[in-house]
Amino acid sequence: MGSDRTPASALTKVHTVSITFVRLLSDFTGFYFQAANLSGTTLINVNFSEANLYKALLNYADLSYADLYQAYLREADLREANLFKAKLNEANLMLSNLCGASLWKATLCNANLWAASLCDADLNEADLRKAKLVEASLIGANLFAANLSEAKLWGASIGEANLTQANLTGADLRWANLSGADLTEADLRGANLDNANLTGAKLDKTIMPDPAMQPGKPIVSCPLTNFVCDLRLFASTQA
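Numbering (the numbering used here), first residue to last: 75 to 313.
In structure tokens form, the structure reads like this:
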């Protein structure tokens, strides 16, 4: 850490973090904010890259355009936070709470979101390429036109989510629960749906992993293991 920055030890305790101090600076690269209370703080365009924000309280904070590259946000509280166009590439968000957060057009490439809570989050056009969303909760999330190519969604709960026009090419959706999800015009080419549950999912013009699974064509055989779906979805002819 450069000599022009406050030493990490000065920010060790949550009570030492002043919101005024945070507002005065904009570059917190590598800073230590463990368990800091920044709820509701305006942090637009702030640089938190490689910062330690373990268990930090950032609920309702405005982090639009913020740079959180490789930030450590494990178990952080980001409920209802504004992360519009925030850069979270390679960030560690394991077990974090992002329920109701706005991540519209945010970039989360290679981010670790293992078991994170993203229920009702807005991920419209978010870039989640190769993101790790194993056992994450995305129930009711808006993933319209989101890029989830090669994302790890093993065991994720994605029920009732909006995945219209989402890119899920090469995604790992084994054991994922997509019941009731809207996959209209989503691209699932190369995705692994072994043991996935798509009961009640909307599959209008969805590009499925195997041509035999396309809506409008009866399924005679399926190469996937224990694929669960409502076969009536494939029985009706597309308009």
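All C-beta atoms, glycine included, are put in the ideal place defined by N, C-alpha and C. Nothing here was measured: the structure is a model prediction, and the numbers come from that model.
query, result
"Nearest-angstrom Cβ-Cβ length linking Asp-136 and Ile-118, presumed shorter than 8 Å", "6 Å"
"Cα-Cα separation between Asp-261 and Glu-154, rounded to whole angstroms", "29 Å"
"Between the CA atoms of Phe-107 and Gly-290 - distance to the nearest angstrom", "With a pLDDT of 45 at Gly-290, under the threshold of 50, the predicted position of this residue should be treated as unreliable, though the coordinate-derived value follows. Cα to Cα, Gly-290 sits roughly 54 Å from Phe-107."
"Paired residues, beta bridge with Asn-171 - DSSP", "Asp-151 and Ser-191"
"Residue of Asn-216, Asp-196, Tyr-143 and Ala-215 minimising C-alpha distance to Cys-183", "Tyr-143"
"For Ala-130 and Ala-110, believed in contact at Cβ under 8 Å, the rounded distance", "5 Å"
"Beta bridge counterpart(s) of Tyr-146 as assigned by DSSP", "Asn-126 and Asn-166"
"Strand pairing of Tyr-106, partner residues [DSSP]", "Asn-126"
"Identity of the residue in Thr-258, Ser-113, Leu-162 and Ala-150 nearest Ser-123 by Cα", "Leu-162"
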